[in-house]
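Student:
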Amino acid sequence: MRKSILVLSFALCASLGLTGCTSEKQAMLEKGYPPAYADGYDDGCNSGKKAGGDMFSQFAKNINRYDNDKTYQEGWDDGFKQCKSEQLALQKSIDQSIEQQKLYEQQRHDKEIEEKHMLDGVDTSGLEKLHK
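The opening residue of the sequence shown carries number 237 in our numbering; numbering runs sequentially from there.
#1: Could you check the C-alpha separation between G362 and E335 for me, to the nearest Å?
#2: Relative to the alpha-carbon of A287, which residue among D313, Q342 and T360 has its alpha-carbon at the smallest distance?
#3: In chain order, which continuous runs of the alpha helix (DSSP H) of length 4 or greater are located wholly inside the stretch 285–346?
#4: Would you give the residue range spanned by the alpha helix (DSSP H) that M264 belongs to?
#5: To the nearest angstrom, how far is it from the Cα of Q327 to the Cα of G289?
#6: Applying the 10 Å Cβ sphere with the 16-neighbour rule, what's the burial state of N282?
#7: Quick one: grab the DSSP three-state call for Y273.
#8: How close, in whole Å, do the beta carbons of A272 and T307 come, if the pair is a contact with beta carbons under 8 Å?
#9: Leaving out five residues on either side along the sequence, give the residues of the same chain with a beta carbon under 8 Å from the beta carbon of S321.
#10: Go through its chain and collect everything with a Cβ distance to D359's Cβ below 6 Å, but skip five positions before and after it.
#11: Does the Cβ of D278 have 16 or more other Cβ atoms within 10 Å, making it buried, or fewer, making it exposed?
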């Protein structure tokens, strides 16, 4: 179980580390994306993360802008798809790690049981003399 906590902690740190010091929006602006696209992408990304199960993200969509600004709309749609996909992949990875840990713990438990019962029915009375 301790290993599961470590895996979850790592995943959380990794996802938080993706945000870095520069926001995605700022990085997009520095790369020359139009501000409306960057705004839309940022809102869409937060919404996509929320839709993908991230409990720390919030749904964000400027409906008026989405309906009237094609660039914002494209950014929102791209951000939503990309970030939802990334969030679902992260969650799948966490779920797989937890399942692997459970399997490992079950196998270890089964081996311990098997080892305990390995000598059942075997006369071990002579082994006590070896111990002394």
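We put the CB at the ideal spot given by N, CA and C, even for glycine. These figures come from a predicted structure and were not determined experimentally.
Tutor: In brief:
#1: For the purposes of this step, residue 362 is identified with residue 126 of the sequence shown, where counting begins at 1. For the purposes of this step, residue 335 is identified with residue 99 of the sequence shown, where counting begins at 1. The straight-line gap from Cα to Cα measures roughly 43 Å.
#2: One-based indexing of the sequence shown puts residue 287 at position 51. When the alpha-carbon of A287 is set against those of D313, Q342 and T360, the nearest one is in D313.
#3: Runs of the alpha helix (DSSP H) inside the stretch 285–346: 299–304.
#4: Counting from one through the sequence shown, the residue named residue 264 turns up at place 28. First-last of the alpha helix (DSSP H) with M264: E260 to E266.
#5: As a working mapping, residue 327 is identified with position 91 in the sequence shown. As a working mapping, residue 289 is identified with position 53 in the sequence shown. The straight-line gap from Cα to Cα measures roughly 8 Å.
#6: The count along the sequence shown starts at 1 and reaches residue 282 at position 46. It is buried - the Cβ of N282 has at least 16 other Cβ atoms within 10 Å.
#7: Within the sequence shown, residue 273 is the residue found at index 37, counting from 1. Of the three classes helix, strand and coil, the one that applies to Y273 here is helix, per DSSP.
#8: Indexing the sequence shown from 1 puts residue 272 at position 36. Indexing the sequence shown from 1 puts residue 307 at position 71. Indeed, because the Cβ distance is near 4 Å, the residues count as touching under 8 Å.
#9: As a first step, residue 321 is located in the sequence shown; it is residue number 85 there, counting from the start. Closer than 8 Å at the Cβ level, and outside the excluded window around S321, lie G284 and G288.
#10: Taking the sequence shown and counting its residues from 1, the one referred to as residue 359 is at position 123. Within the same chain, no residue comes within 6 Å of D359 by CB-CB distance, once the 5 residues on both sides are set aside.
#11: Start at 1 with the first residue of the sequence shown, and residue 278 comes out as number 42. Flag for D278 reads buried.
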